[in-house]
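The listed protein sequences correspond, in order, to chains W and A.
According to this note's numbering, the residues represented by the first sequence are 1 to 208, in order.
According to this note's numbering, the residues represented by the second sequence are 1001 to 1540, in order.
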Amino acid sequence: MSALEELLAHPGLWRGRGTGLPATVPTRPTGFAHLDRTLRGGWPRGQLTELIGAPFGSGETRMLLPVLATCSRERRRVMLVTPPATPWIPGWRQLGVDPEGVFVIRATSEEDIIWSCEQILRHPKTGVLLAWLQGSRSAPLRRLRLAAGSGDACAFLYRPPAVASQASPAHLRIRWQADGDRLRLEVIKFTGGPIPAGQPVVIPRDAR
Amino acid sequence: MNRPVKIPDEQRGQTPPPQSSVHPERAGLRVPPDTSLATGSGRDDPQLTLLPPVSPERNPEPVPGQPLWLAVHLPHLALDALVQTDSAPSRPLILAEDPARPRVHDANRAARQAGVRPGMALADALAVLNAPIVLDYEPEATRRHLLTLAAVLLQFTDHVCPEAGDQRILLEVGRSLRLFRGAEALEAQVGDTLRQLGYTPRIGTARTPAAARLLARLRHPARPLDRDTLRRTLAPLPLTVLPLPAADIQALHGIGLERIGDLLRLPRHDLTLRYGARLPELIDRLLGDLPEPLPRFRPPETPAFHLEFDQEVSATGALRFPLKRLLLQLEQTLRVGNHRTQELELQLLHRDRTATRLTLERSQPGSRAEEWLELWSIRLSRLELPVPVRGLRLAVPQLLPAGDDSDGLFSRGDGSRDESGFLARLRARLGDDAVLRFAPTLHPLPEGAQEACGPDAFPALPGRAATPAQRVAGAALWLRPLQPAPPPGPHDWLGRLEGGWWAGDDQRRDYAVMPDQQGRLCWVFRDLRTGQWQLQGFWG
């Protein structure tokens, strides 16, 4: 009997009808109360989060500003891997992100991008990784998941809409879409529990 | 004060050397350590020596500060400096010199086992060997290696004197003894340092350079620290070990002298009359009665390190091991001056005297070979070798003072310190300009309101307040090259920018955020002079 209880307490085991994962995945608050509720506390740390959608510039970076500012206050780095445009640092600074801790990594080949992300995720000073992955292959993400697990950074991977139907090793997958002055978020995979109710979550996308 | 006082051995509390019986060293030159010699007393204070010894155990070390010489003889210097690219060093290798009448300069173990000896005619050596590698001995390259090692050995003393012709380096270590805990420990440390770099030193220690040279060549284990022990150590050695012309040795043999001791017993005056001043001078130098001033070696301002391979290498993986040797030399050399470096230049030398030049810069200066090797491995693994490589040259463009090398307890966790070389690794693989940060500036136009900078230095920021551009143009997140935009539909005004007129670039803009049809939040402005709309970037 005790063996069974031990087994049930194992964090890697999920019981379908239960309440989901015992709250072992640490999170960072998203800055939006209703989003925190849906995400069982906030953005997962030490795990991959896929943000699937297009086009770039719809507010999908701005919605992460609260968590970026938190990391900046903790003096941890914000690493941007191959962003499609140059960050305009005065704006980031105004929103509470310290420019000194924001790094932009430029790489061209997929192999270099994945390698850089791995290095970044394994580094203890990394607070948040934002990586724009153009490739549609999900296989390299397995390496990233391992790397993410060795640190406690929030790893956000921006991916094109076409990958939504593919399998992925990411812990959390969210499809986003602009909708007027708001951003509509739909959780399409959430490891360790059913897809949360109350979808989609809508957050304002023009936080000044 | 420094002149030793001769006293009978009985008073010194030592076993007298077994002069009546057959001395073990007479049988041959390579003798096991003779404790009565190796632990010879070094006290030269006459007041102390007049007293009966308190205990038979005397301090075997000389008084620190008294001159003591270490001779480091590198008989296989040219061979050691060659990198054996073959994983199995069973293939015989010969270094040949003197192209007119080719002779063997040195041979590796496999060749020596087959009977090849230095000095042999090359034709004879080739006759006994199976498919040997034959390389030319290059005296100039060997001299360079010796000077590199001399720079490394400067960590033990400030008086180092390389003798390139004899493949030998002399070190005056009398003042270093206390720091390195005695002559024996120092000698061991010098040996370990050189062996770690891939060399096979023979080290002799004595109170005079001449005697140290002799003992090093003979691999004599004694460390004669005063004149008496030195005399006793030298006495049983055959005359042939003295650095004298063969004719002189022959002449001395002719009058019945066999050992150095025989020579020492002869009156100096008669020797001078018979052989001129050279022989007594040599004896005086050996025993320390005549000082032998030696120049001091000055290391080059910017050190460089070379290695040649025995065969050409065409895979970058094979460069790792030789590079590690170079980086270890670098680390040891930088340690001497307490230096670090932020940049290294590596040349891959090719057969036709051309070179591929690579540079590697990291964000934090450092000297550790391990760290540099990791960075170079990343860089080299991405390199296609255009032509085979037959040697490496590593140069330090600029030496930096060590300063505060420790990633201190109080260092700010802000990226100004790169504790594990993480950013350097990224740059090594992706390129120097692939890791960027942006610093806000006071420029009034958004497109000029930030400047790119590397991960190393970050300018002090102009206060905590919003910069001028940000005040009027809002907190947009992304910047793009300017491009004309269609007149917007509904939009939110951000502010008006007027500036640049003092620089002849008058700009008047009204900024706004406007969602476009695809859902993007565009960051746009209307140029008040032309009425044109421009897309500056994205809000979100």
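Note that beta-carbon positions come from the ideal geometry of N, C-alpha and C, so glycine has one too.
Where does residue i land, buried or exposed, given buried means 16+ other C-beta within 10 angstroms?
i: TRP1539 (chain A); result: buried
i: GLU1140 (chain A); result: exposed
i: PRO1401 (chain A); result: exposed
i: VAL1524 (chain A); result: buried
i: TRP1069 (chain A); result: buried
i: TRP1493 (chain A); result: exposed
i: GLN1517 (chain A); result: exposed
i: SER116 (chain W); result: buried
i: ARG1168 (chain A); result: buried
i: VAL1173 (chain A); result: buried
i: ASP1080 (chain A); result: buried
i: VAL1387 (chain A); result: exposed
i: ASN976 (chain A); result: Outside the displayed span of chain A (1001 to 1540) sits residue 976 (chain A), for which this structure offers no information.
i: THR1530 (chain A); result: exposed
i: ILE203 (chain W); result: buried
i: ASP1226 (chain A); result: buried
i: VAL1128 (chain A); result: exposed
Locate the beta strand (DSSP E) running through residue i, then write down its first and last residues.
i: TYR1542 (chain A); result: Residue 1542 (chain A) lies beyond the residue range present for chain A, which begins at 1001 and ends at 1540; the question has no answer from this structure.
i: LYS125 (chain W); result: Here LYS125 (chain W) belongs to no beta strand (DSSP E), and DSSP marks it neither H nor E.
i: ALA1452 (chain A); result: 1450-1453
i: TRP1539 (chain A); result: Counting along the chain, TRP1539 (chain A) falls outside any beta strand (DSSP E), and DSSP gives it neither H nor E.
i: GLN1167 (chain A); result: Looking at the DSSP string, GLN1167 (chain A) is not in any beta strand (DSSP E), and its letter there is neither H nor E.
i: GLN1189 (chain A); result: Counting along the chain, GLN1189 (chain A) falls outside any beta strand (DSSP E), though it belongs to the alpha helix (DSSP H) covering 1183-1196.
i: THR1205 (chain A); result: 1202-1206
i: GLN1483 (chain A); result: 1478-1484
i: TRP1493 (chain A); result: 1492-1499
i: ARG1103 (chain A); result: 1103-1107
i: VAL1472 (chain A); result: No beta strand (DSSP E) holds VAL1472 (chain A); the alpha helix (DSSP H) holding it covers 1468-1473.
i: LEU1070 (chain A); result: 1069-1073
According to DSSP, what are the bridge partners of residue i?
i: PRO1276 (chain A); result: Pro is not the amino acid found at residue 1276 (chain A); the sequence shown has Gly there. According to DSSP, GLY1276 (chain A) bridges with nothing at all.
i: HIS1306 (chain A); result: A:ARG1393
i: LEU172 (chain W); result: W:THR49 and W:PHE190
i: TYR158 (chain W); result: W:LEU51 and W:TRP132
i: PRO1139 (chain A); result: According to DSSP, PRO1139 (chain A) bridges with nothing at all.
i: PHE103 (chain W); result: W:MET79
i: GLY1119 (chain A); result: Answer is none; GLY1119 (chain A) lacks a bridge partner.
i: ARG1340 (chain A); result: A:LEU1400
i: VAL1435 (chain A); result: W:ILE105
i: CYS1161 (chain A); result: A:LEU1170
i: ILE1133 (chain A); result: A:LEU1093
i: GLN1347 (chain A); result: A:ARG1357 and A:ARG1393
i: ALA1369 (chain A); result: Note: ALA1369 (chain A) sits in no beta bridge, so no partner.
What does a CB cutoff of less than 7 Å around residue i pick up in its chain, not counting 5 residues either side in sequence?
i: ALA1164 (chain A); result: ARG1143 and LEU1146
i: THR70 (chain W); result: ARG28
i: ASP954 (chain A); result: Limits of chain A in this structure are 1001 at one end and 1540 at the other, which puts residue 954 (chain A) out of reach.
i: LEU1349 (chain A); result: ALA1355, VAL1389, ARG1390, GLY1391, LEU1392 and ARG1393
i: GLN177 (chain W); result: GLY53 and ARG184
i: ALA1027 (chain A); result: Summary for ALA1027 (chain A): the model assigns pLDDT 40, below 50, so the residue's position carries little reliability; its value from the coordinates is reported in the next sentence. For ALA1027 (chain A), where only same-chain residues beyond five positions count, there are no Cβ hits under 7 Å.
Less than 6 Å between C-beta atoms, sequence neighbours within five positions excluded: which residues of the same chain meet that for residue i?
i: GLY135 (chain W); result: GLU110
i: GLY1261 (chain A); result: ALA1235
i: SER1367 (chain A); result: GLU1331, LEU1334 and ARG1340
i: LEU1194 (chain A); result: PRO1201
Considering just the uninterrupted stretch of the alpha helix (DSSP H) at residue i, what are its terminal residues?
i: HIS1337 (chain A); result: The sequence shown places Gly at residue 1337 (chain A), not His. 1320-1337 is the span of the alpha helix (DSSP H), which, as asked, contains GLY1337 (chain A).
i: ALA1123 (chain A); result: 1122-1128
i: PHE1525 (chain A); result: From DSSP, PHE1525 (chain A) is part of no alpha helix (DSSP H) but of the beta strand (DSSP E) over 1521-1527.
i: VAL67 (chain W); result: 65-73
i: GLU1097 (chain A); result: Segment 1093-1097 is the beta strand (DSSP E) holding GLU1097 (chain A); no alpha helix (DSSP H) there.
i: ALA1246 (chain A); result: 1246-1254
i: PRO1459 (chain A); result: Note, PRO1459 (chain A): premise wrong, no alpha helix (DSSP H); not H, not E.
i: ILE1260 (chain A); result: 1260-1265
Please list, in chain order, all residues of the same chain as residue i whose beta carbon is under 8 Å from its beta carbon, the five residues on each side excluded.
i: THR1441 (chain A); result: GLY1448, ALA1449, GLN1450, GLU1451, PRO1462 and THR1467
i: ILE1249 (chain A); result: LEU1239, THR1240 and LEU1242
i: PRO83 (chain W); result: VAL104, LEU130 and TRP132
i: SER1020 (chain A); result: Low per-residue confidence applies at SER1020 (chain A): pLDDT is 40, beneath 50, and the placement is therefore not dependable enough to give any value.
i: GLU1187 (chain A); result: LEU1070, ILE1203, THR1205 and ARG1223
Which residues, taken in chain order from the region 1434-1446 of chain A, show a beta carbon closer than 7 Å to some beta carbon of chain W?
ALA1434, VAL1435, LEU1436, ARG1437, PHE1438, ALA1439, PRO1440 and PRO1446
Which residues, in chain order, does the region 99-116 of chain W contribute to contact with chain A at a C-beta distance below 8 Å?
Within the region 99-116 of chain W, the residues whose Cβ lies closer than 8 Å to some Cβ of chain A are PRO99, GLU100, GLY101, VAL102, PHE103, VAL104, ILE105, ARG106, ALA107, ASP112, TRP115 and SER116, listed in chain order.
Residues, ordered as in the chain, of the region 86-97 of chain W that lie near chain A by beta-carbon distance below 7 Å
THR86, PRO87, TRP88, ILE89, PRO90, GLY91, TRP92, ARG93, GLN94 and LEU95
Residues from the region 54-82 of chain W in contact with chain A, defined by Cβ distance under 9 Å:
ALA54, PRO55, PHE56, GLY57, SER58, GLY59, GLU60, THR61, ARG62, MET63, LEU65, GLU74, ARG75, ARG76 and ARG77
When you check each C-beta in the region 1519-1538 of chain A against every C-beta of chain W, which residues fall closer than 9 Å?
The region 1519-1538 of chain A vs chain W, Cβ under 9 Å: GLY1519, ARG1520, LEU1521, CYS1522, TRP1523, GLN1536, GLY1537 and PHE1538.
Quick one: which residues of the region 1485-1498 of chain A get their C-beta closer than 8 Å to a C-beta of chain W? List them in chain order.
Here the close residues are ASP1492.
Residues of the region 1422-1434 of chain A with Cβ closer than 9 Å to any Cβ of chain W, in chain order
PHE1422, LEU1423, ARG1425, LEU1426, ARG1429, LEU1430, GLY1431, ASP1433 and ALA1434
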